[in-house]
Amino acid sequence: TMYSCRFCSKRFDTIDKVKTHFLKRHSNTLDKSMKKESDLNDEQSEGLQNESNEEQMNEELVDDSVIEGEENVEANDTQELNDTNEENEDEEKSEDNKKTTIVIKQQRNPNRVNKSKVKMIETERSIQTRNRIKRELPNNLELKIVRPDASAIELPPKRGRPKKYELRQVLTPQLKNATRRYPCPFEGCEYVAKYRSNLWDHKKLHTGEKPYRCNWPSCEMRFPQSQQLKLHLRSHTGEKPYACDWPGCEWKFRLKGALTDHKKAVHEGVKAFTCEWPGCNKKFLQSCHLRKHMMAHADIKPFVCDWPNCTYKAVSMSYVTNHKKTHTGEKNFECGYNGCTKRFVKSSHVNRHQQKCHPEMMGQTIIDDNDDVEISARNEWKTFYDYIVIGAGTAGSVVAARLSEDPKVSVLLIEAGGSETVVSNTPALSDSLLNTVMDWKFMSTPQNQSCLSMNGQMCVLSSGRVIGGTSAINRMTYLRGNPLDFDNWEKLGVKGWSWRDVFPFFIRAENQSDAQLSKSGYYGVNGPLVINNNHEYNQLLQSWIFSSHLCGHKISDLNADYLGASVLQTNTNEGRRVSTATAYLEPNIERPNLHILANALVTQILFENNTAIGVNFIRNWHNFAVYAKQEVILSTGTINSAKLLMLSGIGPKDHLEELNIPVISDLPVGNNFHDHIGTYGLHFTVNTTIEEPLTVQSLNQYFNSGKGPLSQSRFAATLLQSKYTNISTEWPDIMLMTSTTSPGRENSGETTEQRNGFKKEVWTQFYGPYSGLAQFTVWPILLRPKSRGWVRLNSPNPSDQPLINPNYLTESSDILVLMEGMKETLKIANSRPLQSLMPIPFVTLVPGCEPYLMNNQSLEAKDTLNTTFFTDPYLQCMARSLTVSTGDYVGTCRMGSDEDRNKVVDSRLKVMGVNNLRVIDASVIPVIPTANTNAVTVMIAERGSHFIKFDYRYKNLILF
Numbered sequence: 001t002m003y004s005c006r007f008c009s010k011r012f013d014t015i016d017k018v019k020t021h022f023l024k025r026h027s028n029t030l031d032k033s034m035k036k037e038s039d040l041n042d043e044q045s046e047g048l049q050n051e052s053n054e055e056q057m058n059e060e061l062v063d064d065s066v067i068e069g070e071e072n073v074e075a076n077d078t079q080e081l082n083d084t085n086e087e088n089e090d091e092e093k094s095e096d097n098k099k100t101t102i103v104i105k106q107q108r109n110p111n112r113v114n115k116s117k118v119k120m121i122e123t124e125r126s127i128q129t130r131n132r133i134k135r136e137l138p139n140n141l142e143l144k145i146v147r148p149d150a151s152a153i154e155l156p157p158k159r160g161r162p163k164k165y166e167l168r169q170v171l172t173p174q175l176k177n178a179t180r181r182y183p184c185p186f187e188g189c190e191y192v193a194k195y196r197s198n199l200w201d202h203k204k205l206h207t208g209e210k211p212y213r214c215n216w217p218s219c220e221m222r223f224p225q226s227q228q229l230k231l232h233l234r235s236h237t238g239e240k241p242y243a244c245d246w247p248g249c250e251w252k253f254r255l256k257g258a259l260t261d262h263k264k265a266v267h268e269g270v271k272a273f274t275c276e277w278p279g280c281n282k283k284f285l286q287s288c289h290l291r292k293h294m295m296a297h298a299d300i301k302p303f304v305c306d307w308p309n310c311t312y313k314a315v316s317m318s319y320v321t322n323h324k325k326t327h328t329g330e331k332n333f334e335c336g337y338n339g340c341t342k343r344f345v346k347s348s349h350v351n352r353h354q355q356k357c358h359p360e361m362m363g364q365t366i367i368d369d370n371d372d373v374e375i376s377a378r379n380e381w382k383t384f385y386d387y388i389v390i391g392a393g394t395a396g397s398v399v400a401a402r403l404s405e406d407p408k409v410s411v412l413l414i415e416a417g418g419s420e421t422v423v424s425n426t427p428a429l430s431d432s433l434l435n436t437v438m439d440w441k442f443m444s445t446p447q448n449q450s451c452l453s454m455n456g457q458m459c460v461l462s463s464g465r466v467i468g469g470t471s472a473i474n475r476m477t478y479l480r481g482n483p484l485d486f487d488n489w490e491k492l493g494v495k496g497w498s499w500r501d502v503f504p505f506f507i508r509a510e511n512q513s514d515a516q517l518s519k520s521g522y523y524g525v526n527g528p529l530v531i532n533n534n535h536e537y538n539q540l541l542q543s544w545i546f547s548s549h550l551c552g553h554k555i556s557d558l559n560a561d562y563l564g565a566s567v568l569q570t571n572t573n574e575g576r577r578v579s580t581a582t583a584y585l586e587p588n589i590e591r592p593n594l595h596i597l598a599n600a601l602v603t604q605i606l607f608e609n610n611t612a613i614g615v616n617f618i619r620n621w622h623n624f625a626v627y628a629k630q631e632v633i634l635s636t637g638t639i640n641s642a643k644l645l646m647l648s649g650i651g652p653k654d655h656l657e658e659l660n661i662p663v664i665s666d667l668p669v670g671n672n673f674h675d676h677i678g679t680y681g682l683h684f685t686v687n688t689t690i691e692e693p694l695t696v697q698s699l700n701q702y703f704n705s706g707k708g709p710l711s712q713s714r715f716a717a718t719l720l721q722s723k724y725t726n727i728s729t730e731w732p733d734i735m736l737m738t739s740t741t742s743p744g745r746e747n748s749g750e751t752t753e754q755r756n757g758f759k760k761e762v763w764t765q766f767y768g769p770y771s772g773l774a775q776f777t778v779w780p781i782l783l784r785p786k787s788r789g790w791v792r793l794n795s796p797n798p799s800d801q802p803l804i805n806p807n808y809l810t811e812s813s814d815i816l817v818l819m820e821g822m823k824e825t826l827k828i829a830n831s832r833p834l835q836s837l838m839p840i841p842f843v844t845l846v847p848g849c850e851p852y853l854m855n856n857q858s859l860e861a862k863d864t865l866n867t868t869f870f871t872d873p874y875l876q877c878m879a880r881s882l883t884v885s886t887g888d889y890v891g892t893c894r895m896g897s898d899e900d901r902n903k904v905v906d907s908r909l910k911v912m913g914v915n916n917l918r919v920i921d922a923s924v925i926p927v928i929p930t931a932n933t934n935a936v937t938v939m940i941a942e943r944g945s946h947f948i949k950f951d952y953r954y955k956n957l958i959l960f
């Protein structure tokens with residue numbers, strides 16, 4: 001066969017040579033395609049008159065596709081379609097019953113139309129799909145596909161001469177299709193292959209031959225092509241080579257087509273196929289989805305169950321596959337309500353069964369008859385919610401408020417404690433909340449390197465048991481941490497949590513009230529969490545800051561400069577504490593889709609086939625269960641989150657088996673426990689008057705104007721680097737926390753003993769002699785500890801406290817850095833601004849540390865800072881005896897990379913090995929930041945809520 005060029009009559013033996021010749025000699029002829037439609041029709045009619053044989057038809061395929069655009073091809077298609085319609089009409093007249101025609105119109109997305117008018121050629125996939133549906137439809141039905149009219153779309157004209165690559169885009173599809181010469185031999189199949197090997201693979205679709213079998217354990221899938229098997233293996237290995245490159249998106253996919261669909265559905269919002277059935281305007285991402293939807297409208301169900309005597313039909317084979325489980329007896333979903341053991345094929349069947357057979361369950365409400373729960377605006381709760389958030393603490397309050405912003409979803413927030421009180425909302429009374437009903441009152445196991453002066457050598461570990469969590473009982477300080485903290489997380493393999501990634505979520509939460517700082521661009525001003533700069537501070541804190549400056553520490557904003565001294569910013573507003581409950585829940589309490597259940601202790605997370613479906617909880621000595629349609633979110637804090645996961649079967653396998661708890665997922669839950677460690681031993685008396693916060697006058701001033709001593713948190717801090725860290729980086733490892741409160745100011749030592757767990761002789765010997773005197777306290781705090789502890793269950797009883805072994809100061813480097821902080825405290829106290837107040841450290845001895853004095857000498861009050869008295873052995877003994885926890889516990893459910901064996905959740909906070917369960921609180925932090933964790937926990941909650949919302953939107957876009 002010879003092929004000739006239309007323009008110069010040269011002849012060639014292959015079409016490829018015609019293409020090459022045309023590109024070199026006649027490329028300017030493509031300009032004719034830019035002419036008006038009338039000129040194109042004239043050239044088309046002239047070309048059709050010369051079509052006399054097969055060789056001329058091949059020439060038209062080459063030439064007209066370039067010169068005359070796609071109008072000629074569309075005209076041929078239209079003619080063929082008309083001829084086909086006439087033949088069909090003749091056949092229909094001869095039949096008694098007329099055929100039902102299904103018309104599916106393919107809509108072209110204007111955003112994706114090529115600039116050059118190129119006809120869309122049928123691909124192998126579209127041909128196979130059309131032929132398959134034709135074979136599956138009954139004889140009295142036919143399927144007609146009407147293509148969109150490309151000529152109706154106005155396209156901007158091209159300027160200048162077209163490039164060679166543009167010519168190839170026009171020529172290649174036409175020529176490639178023309179060279180296919182291996183037609184399918186099966187009757188009714190119009191597939192034509194370019195290569196014989198492609199035809200062999202295609203024949204397997206007709207014969208059902210599947211020679212390629214998956215050898216993965218317990219998998220018996222077979223495939224007709226080796227490439228299909230290769231793609232299938234990725235579902236076992238977890239390989240996802242196609243990552244979305246959209247900014248901020250971390251989704252990965254096994255198939256390239258899935259990535260394309262993801263971009264169109266999630267990022268571009270493209271759904272190009274619309275149902276034109278009267279009254280239905282649903283849109284779909286793919287034409288196959290629209291096709292199935294239209295078949296459902298027309299009641300066309302070509303897929304039939306082949307089980308004997310079964311007449312079930314469906315529009316998709318997947319429906320038939322699920323239906324066959326009713327014959328085989330495979331039922332993976334159990335009711336589980338009130339001992340009901342009925343099982344079902346699908347989870348929706350469970351809901352239908354419960355509505356019919358357990359109506360008391362569907363109508364069940366929980367009545368809140370506890371008068372002290374002021375934050376709850378309702379007293380009835382349903383049994384099914386879209387999301388269940390366990391714990392209304394620092395993170396849980398944020399998550400529930402953010403998720404309930406969508407009125408289409410329902411959220412249940414469960415909290416073991418009650419509401420905040422007037423005392424908890426008063427800033428100056430924060431220390432009085434420890435060891436109260438608002439505190440979980442955790443105690444550590446006996447320690448041998450720390451807490452030596454505590455009762456039983458057990459450390460006191462405070463954690464909020466109230467709506468608002470620890471943010472309702474802490475000291476309200478607001479510090480974000482150092483950017484190096486979060487960049488270090490990413491170095492450990494936690495992708496998507498660098499400073500660049502998390503900074504926008506700090507901004508999202510913040511509402512900076514200081515006019516000057518709000519204009520800096522470094523703080524958020526529209527968030528719910530109010531930040532106060534505390535301009536009203538006393539002379540003592542001011543002297544501490546100036547003394548720190550004279551010792552080489554700059555005065556700076558610790559949320560911007562990361563090193564230096566400053567009065568700490570706090571979460572207060574108009575003299576009132578701003579917890580996350582105050583900031584996030586109170587303004588949104590009237591949302592009908594947000595239910596808050598207080599005084600309810602969650603005892604277990606319910607699972608079905610490794611999928612979290614709900615929770616059990618106890619309230620008023622009664623057991624209840626609620627169920628989640630989407631996800632269960634665990635936000636009960638570092639200690640309780642680890643405890644509840646292990647009670648539910650997620651944790652170290654050996655530990656759970658010892659307690660006879662069924663193992664659902666073997667994960668290192670409870671490991672990596674660490675905290676900011678400090679010492680409570682450096683107290684100073686001063687010769688000035690420190691205003692008492694709790695007096696009749698201060699009470700009147702506070703309740704009338706919201707000002708006065710009760711409205712102030714009164715904390716200052718100095719962040720510095722020890723000699724054991726890299727000085728070239730501004731990454732502190734010591735914080736000197738200064739406060740005008742001190743245990744010695746109590747007139748009675750009983751409160752101090754109970755609150756801090758001191759032995760009675762410690763109060764009598766060390767603190768008691770200074771009771772009632774004006775004084776201040778400095779706590780050297782270790783910001784980057786190396787010591788790690790663990791949390792384990794004490795018993796399977798949910799009411800029992802867990803075993804907590806913090807292992808404070810077990811690493812030698814920790815005690816060395818802490819001693820450096822104590823020495824720097826004494827240095828600052830000896831500087832000139834503070835010397836005007838004549839600070840005198842407590843000269844009484846810490847019980848048990850007497851042997852470490854230099855020659856057993858005592859210190860006179862006038863010799864305030866004798867360095868021979870504060871020897872290294874004595875400072876070390878003081879740190880190990882008067883150890884204090886800051887309550888910044890982290891790490892028991894740490895995030896990690898895919899290769900990290902110590903991780904419990906992934907970078908999107910999903911618990912490994914199970915579905916529909918996330919942990920969103922401070923327990924996911926892999927390494928503690930160099931700041932109080934309250935602000936960081938709020939950021940984690942904001943980011944975790946963003947993850948859930950994004951996944952929910954993506955899921956609904958894909959499932960239509």
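Residue numbers are given in the UniProt record's numbering: position 58 of the sequence shown equals residue 58, and the series is strictly consecutive.
All residues carry an ideal CB built from backbone N, CA and C; glycine is no exception.
7 Å Cβ shell around residue i - same chain, five flanking residues per side excluded
i	result
CYS551	LYS827, ILE828 and SER831
HIS401	A quick correction: the sequence has Ala, not His, at residue 401. Closer than 7 Å at the Cβ level, and outside the excluded window around ALA401, lie TYR584, LEU585 and ASN588.
PRO456	For the record, residue 456 in the displayed sequence is Gly; it is not Pro. Cβ neighbours of GLY456 beyond the five flanking positions: PRO446.
For residue i, the three-state DSSP class (helix, strand or coil)
i	result
VAL350	helix
ALA150	Confidence in ALA150 is poor, its pLDDT being 43 and thus under 50, which makes the residue's placement too unreliable to answer from.
TYR191	coil
ALA829	helix
ASP90	Residue placement at ASP90 is poorly supported in this model, since its pLDDT is 47, which falls under 50; the coordinates are not used for a value here.
LEU601	strand
ASP872	helix
PHE842	coil
LEU853	coil
residue 962	Residue 962 lies beyond the stretch modelled for the chain, which goes from 1 to 960, so this question has no answer here.
HIS202	helix
Contacts around residue i, its chain only, beta-carbon distance under 8 Å, and the 5 residues preceding and following it disregarded
i	result
ASN281	THR274 and CYS275
Start-to-end residues for the alpha helix (DSSP H) that takes in residue i
i	result
GLN569	Segment: none, GLN569 is in no alpha helix (DSSP H) and carries neither H nor E.
VAL398	394 to 403
MET317	317 to 328
In DSSP terms, what residue i is bridged to
i	result
HIS683	THR777
ALA628	TYR385
SER665	ILE650
THR274	LYS283
8 Å Cβ cutoff, residue i in contact with chain C
i	result
LYS408	No chain C appears in this structure, which consists of one protein chain only.
Close beta carbons around residue i, own chain, < 6 Å, minus the five adjacent residues each side
i	result
ARG943	PHE505
ASP386	VAL409, SER410, LYS629 and GLN630
Span of the beta strand (DSSP E) around residue i
i	result
ILE531	529 to 531
Check your understanding: Are the region 608 to 616 and the region 911 to 919 touching, with three or more C-beta to C-beta distances below 8 Å?
Key -> The region 608 to 616, when compared against the region 911 to 919, does touch it at the 8 Å Cβ threshold.
Check your understanding: Do three or more CB pairs link the region 815 to 825 to the region 842 to 850 at distances below 8 Å?
Key -> no
**Study point:** Validate contact between the region 784 to 803 and the region 499 to 510 using beta carbons, cut 8 Å, 3 pairs
**Key:** Contact between the region 784 to 803 and the region 499 to 510 is absent: fewer than three C-beta pairs spanning the two stretches fall below 8 Å.
Review point. Between the region 696 to 715 and the region 562 to 579, are three or more C-beta pairs nearer than 8 Å?
Key: yes
Check your understanding: Below 8 Å, can you find three or more Cβ-Cβ pairs linking the region 717 to 728 to the region 552 to 568?
Key -> yes
Check your understanding: Is the region 754 to 768 touching the region 520 to 530, taking contact as three or more C-beta pairs under 8 Å?
Key -> No contact exists between the region 754 to 768 and the region 520 to 530.
**Study point:** Touching by the beta-carbon criterion (3+ pairs, under 8 Å), the region 629 to 648 and the region 880 to 894
**Key:** yes
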